[in-house]
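All the letters of the sequence shown, read from the start, carry residue numbers 1 to 561 under our numbering. Built from N, CA and C at the ideal position, the CB exists for glycine as well. Taking it in order: structure first as structure tokens, then the write-up.
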Amino acid sequence: MTSEQHLAPLRMPDRLFAELAAGGGSAAAVAFLERAERARRLLLLRTLLGHLDALPTPLTPVPEAWRLLKEAAEKSPEPVERLLLAPATGGWISHMLRRVHGTASGPPLWAEAGHLSALALSAALHAGTETALDVALTDGRLHLPGLGMVRLPEARGGLEVGRATTAGGELTVTGPGRATGPVRVTCRPLIQRQDTGTWLPLRTLTHPRPDGAAPVTVVLDDLDPYRDLDDHLPPARLDEDEAREWQRLFGEAVRILARPGPPGPGRVDPGTIRAIVPFGRTALSPPALPFVQVSASSGDSFGGMLIVRPASAPALAETLVHELQHSKLAALLHLFPLLEDDRAERYYAPWRTDPRHLTGLLHGAYAFTGVAGFWRDRLAGPEGAETAERAAYFFALRRLQSRLAVRTLLASGRLTRPGRALVSGLARTLDGWLREPVPSAALARARTAAALHRTEWRLRNVDPAAAQPDGPLFRPDRTPWPDVRTQAFATRPAAPRTADEHLAAGDAAAALAGYADRLARDPAEPHALAGWIVARAALEPGRTTRRMLARPERLQPLPSG
């Protein structure tokens with residue numbers, strides 16, 4: 001692969017766009033997106049190289065590193081292509097473009113540009129070519145993309161210049177030591193699969209395919225400095241127990257996702273995932289929550305995702321679906337102008353506690369349509385009654401929330417022609433699902449949870465005194481708040497005690513009394529006030545309570561019971 005090669009125009013067939021607009025996408029549709037991301041990656045790389053060609057550096061100059069990388073690509077094209085198209089490489093390219101345009105910060109620019117030399121070293125090892133490059137060492141560490149990390153013992157701390165050579169698959173790295181003289185490490189990264197103290201191989205997650213094809217293999221990236229969504233990160237090596245737990249959960253998650261059937265929202269090929277970045281924990285302790293607390297992905301890193309490991313495989317499987325939906329939509333946004341977004345954060349997103357801009361709302365609608373499809377597939381699965389109950393609740397909740405966001409998008413007046421076609425496709429999928437039966441208890445809890453979230457969101461965010469000619473204006477004192485009800489309402493409490501539990505159990509009268517007690521002590525507490533409004537609406541449906549639910553921030557005076 002070279003940055004100079006001709007890039008043919010890409011024209012997506014209508015049938016593939018229709019598949020993606022419905023929220024799903026066949027293997028052919030996803031493959032088209034991957035080809036488009038490849039073309040974009042090469043164009044960005046070409047632009048970056050133009051900015052870095054004349055960069056003063058104590059390292060091997062960028063043009064020389066690029067020449068060595070191309071030489072390796074000629075001998076071993078497939079592994080070098082994987083290196084350049086890896087999610088972390090996309091993160092590095094985009095981060096560097098932000099650096100040269102002054103919109104990002106990090107280590108000295110010459111050191112970050114030296115990541116190209118690290119890519120060239122990895123490529124040379126795959127190709128078996130001989131190279132010698134001056135490289136950046138950080139605290140005696142040299143990361144090799146797609147392979148792992150070298151650690152020099154007794155190396156000088158901070159940012160230093162080292163020397164790396166390759167020959168016949170062997171790597172030698174030399175750098176300044178803490179005492180007198182240099183320190184050196186020699187290793188064979190392609191065949192050393194265990195931590196040695198001086199060599200840390202890149203971890204992977206694997207799972208066999210039922211049809212006997214090549215197993216699913218996904219990078220578990222705890223080393224690459226560009227594995228984050230933007231900032232340069234130090235390594236955060238998982239201990240062996242945590243790595244084994246990731247493997248166990250991943251294997252179970254892949255089995256959950258392996259249900260046969262036609263492609264559609266919520267059905268993904270785990271082989272589409274390129275890398276998972278474990279975030280926020282490196283050991284088994286403290287125990288993980290049963291659900292995913294944080295996950296994220298970037299349009300610069302197709303197929304990559306950052307995840308805080310949960311304790312359950314269904315939660316991980318759901319998150320894999322969610323983040324792949326974001327990757328698909330990001331690729332579509334690179335191909336089509338889907339909306340005109342002024343980036344003003346004014347819209348209600350039913351899965352967020354803060355106002356969102358229109359692009360964020362579109363991403364959420366697309367991702368949670370996939371999540372709704374994931375839970376729809378679990379409704380009659382072999383996992384048991386408890387999983388089926390949770391599946392019914394989350395399917396009912398996510399289809400309702402996603403349809404609300406889709407309605408907002410269609411009414412915004414800011415969608416382009418392809419954007420309206422995409423969002424209309426989501427609407428057709430969700431409208432069909434809204435007609436599908438769900439057990440009444442799960443449906444009631446889902447509707448209640450959705451109403452509680454919207455009500456509390458407005459109480460915490462919308463200024464009741466503000467004029468609203470163009471939509472709500474927001475409280476200047478608003479702060480993040482914990483959405484504890486979405487997960488708590490997933491199952492019916494067997495022995496309800498709190499007001500929330502009574503409401504989840506369908507006893508609105510007991511819930512109303514509990515919320516009133518809390519409001520007697522603190523009349524403006526948003527969590528209790530939201531519960532009071534929703535419980536009151538359940539007991540006394542009518543025009544007055546509908547107005548309360550529509551504009552809860554206008555409730556004056558505050559209720560006393």
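Please classify residue i as buried or exposed, where buried requires at least 16 other C-beta atoms within 10 Å of its C-beta.
| i | result |
| --- | --- |
| E386 | exposed |
| I191 | exposed |
| P182 | exposed |
| R356 | buried |
| E242 | buried |
| T416 | exposed |
| T479 | exposed |
| S105 | exposed |
| V294 | exposed |
| E436 | exposed |
| H363 | buried |
| H322 | buried |
| D239 | exposed |
| T562 | Here the chain comprises residues numbered 1 to 561, so residue 562 is not present and cannot be evaluated. |
| L10 | exposed |
| D221 | buried |
| E540 | exposed |
| R485 | buried |
| A609 | Beyond the ends of the chain as shown, which are 1 and 561, falls residue 609; an answer cannot be given. |
| T206 | exposed |
Throw me the rounded Cβ distance for the residue i and residue j pair, which I believe falls under 8 Å.
| i | j | result |
| --- | --- | --- |
| F368 | S402 | 5 Å |
| F279 | A315 | With 8 Å as the limit, F279 and A315 do not qualify as a contact, their Cβ atoms being about 15 Å apart. |
| P464 | R554 | 5 Å |
| Y226 | W92 | 4 Å |
| D341 | L320 | Not quite, the Cβ-Cβ distance comes to about 27 Å (not below 8 Å), so this is no contact. |
Please list, in chain order, all residues of the same chain as residue i whose beta carbon is under 7 Å from its beta carbon, the five residues on each side excluded.
| i | result |
| --- | --- |
| E318 | V371, F374 |
| R399 | A372, L430, W433, L434 |
| G561 | Its pLDDT being 47, under 50, G561 is placed unreliably in this model, and the value from its coordinates should be taken loosely. Same-chain partners within the cutoff: A516. |
| W66 | L49, L116 |
| A450 | P350, L397, L400, Q401 |
| G411 | In the sequence as displayed, the identity of residue 411 is Ala instead of Gly. No residues qualify anywhere along the chain. |
| S3 | Interpretation of S3 is limited by its pLDDT of 45, a score under 50 that renders its predicted location unreliable; the figure taken from the coordinates is listed afterwards. L42, L45, R46, L49. |
| E360 | Going by the sequence as given, residue 360 is Gly instead of Glu. Same-chain partners within the cutoff: A349. |
| A331 | L33, A36, E37, F302 |
| W457 | Y348, T353 |
| Q562 | With the chain covering only 1 through 561, there is no way to say anything about residue 562. |
Do you know whose CA, among the options, lies nearest residue i's CA?
| i | options | result |
| --- | --- | --- |
| A27 | L159, L404, K328 | K328 |
| A392 | G419, L379, R447 | L379 |
| T448 | Y366, A405, I533 | I533 |
| S312 | E345, V254, V268 | V254 |
| L52 | E389, R41, K75, L97 | L97 |
| A505 | F250, R492, R244 | R492 |
| E525 | V484, L512, P464, L459 | L459 |
| T131 | P145, A167, G114, L147 | A167 |
| F395 | R445, A421, Y348 | R445 |
| T186 | A283, P176, L205, W199 | W199 |
| R237 | E112, A494, H502, P201 | P201 |
| M12 | A495, P439, P418, A488 | P418 |
| A68 | H126, P108, E112 | Residue identity check: residue 68 is Leu in the sequence provided, not Ala. Nearest option by C-alpha distance: H126. |
| R547 | P496, P482, T455 | T455 |
Residues in its own chain within less than 6 Å of residue i by CB, not counting five upstream and five downstream?
| i | result |
| --- | --- |
| L549 | A537 |
| L133 | T60, S117, A164 |
| P58 | V161 |
| T178 | It should be pointed out that residue 178 corresponds to Arg in this sequence rather than to Thr. Hits under 6 Å: E154, R156. |
| G24 | P263, G264, P265 |
| R518 | A528 |
| A567 | The requested residue 567 is not part of the displayed model; the chain covers only 1 to 561. |
| A288 | R309, P310, A311 |
| R193 | P201 |
| Q325 | Y366, A367, G370 |
Let me see if you follow: with CB-CB separation under 7 Å, is residue i close to chain D or not?
| i | result |
| --- | --- |
| Q487 | Within the model displayed, chain D is absent; a lone protein chain is all it includes. |
Within its chain, find whatever has a CB closer than 8 Å to the CB of residue i; leave out the 5 residues flanking it on each side and keep chain order.
| i | result |
| --- | --- |
| L188 | Sequence check: residue 188 is Arg here, not Leu. The residues are G169, E170, L171. |
| V135 | L59, T60, G114, S117, A118, L121, L142, V161, G162, R163, A164, V173 |
| P557 | Unreliable placement is indicated for P557, whose pLDDT of 49 sits below 50; the coordinate value is still reported in the next sentence. The answer is none, since no qualifying residue turns up. |
| P215 | T206, H207, P208, R209 |
Note to self: Using a Cβ distance threshold of 8 Å, determine whether the stretch 289 to 307 contacts the stretch 252 to 259, with at least three qualifying pairs required.
What the structure shows: Not touching, per the Cβ criterion.
* Segment contact, 8 Å Cβ cut-off, at least three pairs: the stretch 32 to 48 with the stretch 420 to 427 -> Cβ pair count under 8 Å is below three, so no.
(Q) Count Cβ pairs between the stretch 22 to 42 and the stretch 265 to 273 that sit closer than 8 Å; are there 3 or more? (A) Under the Cβ criterion (8 Å, minimum of three pairs), the stretch 22 to 42 counts as touching the stretch 265 to 273.
Problem - Any 3 or more C-beta pairs closer than 8 Å across the stretch 75 to 83 and the stretch 207 to 222 - result: Verdict: no, contact absent.
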